[in-house]
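**Q**
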Amino acid sequence: MLVPLRTQGFHDISIRMTGSFNDGGNPTLKVKVWGVLANNAVEIEVVLDTGFSGFLTLPLQTALPLGLILLSTAEYVLADNSRQLNLLCQGSIGFDDENVSGLIAISPGDPLLGMEFLRKSELHLSLDATNSIFVLEKKTPKETTITSHTDGSLG
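In structure tokens:
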């Protein structure tokens, strides 16, 4: 007699984004960003910064046309231990038919994509140093059924 055993451990990859490294050696990729209306979306090249715990930073001149909603301010501690006051706005990031909303900090410098984005989007980061690329993937569990004989052998 065969008995079905259900396992969950195999995954399908539902989203795959590939980024590259810029001349400064920073990992970059392109995402769409908008505020209130998705039709205001602009494609922006961002630096993936795993040392940044927030969602996204944008310079003021990039943020203004997006229709972001101002919510608050926050003081960030930077890598050099200095402090910087930033405006916080509600906005969204779009990629591969997915949308993720979060707080966007208005901050000078390159746009930074942080760890909060990776957590909210449930993306996994893999590095391929040989080809100088990195990959962000969303893995969805795939339920598989394995049958077993009543004597314990698989069949």
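Count the sequence shown with numbering that gives the first Met the number 0 and you get residues 0 to 154, in order. Heads up, the beta-carbon is just placed ideally off N, CA and C, and yes, glycines get one too.
Within the same chain, show all residues whose beta-carbon is closer than 7 Å to that of THR72, passing over the 5 residues directly before and after it, in chain order.
**A** LEU84, ASN85, LEU86, LEU87.
**Q** By the DSSP assignment, the alpha helix (DSSP H) with ALA62 in it spans what residues?
**A** Its alpha helix (DSSP H) spans residues 59-62.
**Q** Alpha carbon to alpha carbon, how far is LEU69 from VAL32?
**A** Taking the straight line from one Cα to the other gives about 15 Å.
**Q** Quick one: Cα of HIS162 to Cα of GLY101, how far?
**A** Limits of the chain in this structure are 0 at one end and 154 at the other, which puts residue 162 out of reach.
**Q** What's the C-alpha gap between VAL46 and ASN80?
**A** C-alpha separation (whole angstroms): 20 Å.
**Q** What is the rounded straight-line gap between the Cα of LEU65 and the Cα of LEU57?
**A** When rounded, the distance between both Cα atoms is 11 Å.
**Q** With distance defined between alpha-carbon atoms, name the residue in ASN130, ASN98, ILE103, THR129 nearest to SER120.
**A** That would be ASN98, whose Cα lies nearest to the Cα of SER120.
**Q** Under 8 Å Cβ to Cβ from GLY34, same chain only, skipping five residues before and after it: list those, please.
**A** Excluding sequence neighbours, GLY34 sits near LEU65, GLY66, LEU67, ILE68, CYS88, GLN89, GLY90, SER91.
**Q** Distance check for ASP96 and THR49, CA to CA, integer angstroms please.
**A** Each residue's Cα considered, the two are about 23 Å apart.
**Q** Can you pull the DSSP bridge partners for GLY18?
**A** Its beta-bridge partners are PHE133.
**Q** How many angstroms separate the CA atom of LEU55 from the CA atom of ALA128?
**A** The straight-line gap from Cα to Cα measures roughly 25 Å.
**Q** Identify the residues that DSSP records as bridge partners of ASP127: which are they?
**A** ILE132, per the DSSP bridge assignment.
**Q** Candidates ILE103, THR17, GLY18, PHE133: which alpha carbon is nearest THR61's?
**A** Ranking the options by Cα distance to THR61, first place goes to ILE103.
**Q** I need the boundaries of the alpha helix (DSSP H) containing GLU121, first residue and last residue.
**A** From DSSP, GLU121 is part of no alpha helix (DSSP H); its letter is neither H nor E.
**Q** Which word fits GLY162, buried or exposed, when buried means at least 16 other C-beta atoms lie within 10 angstroms of its C-beta?
**A** In this structure the chain extends from 0 to 154, so residue 162 is not present and cannot be described.
**Q** Please classify SER131 as buried or exposed, where buried requires at least 16 neighbouring CB atoms within 10 angstroms.
**A** Classification for SER131: exposed.
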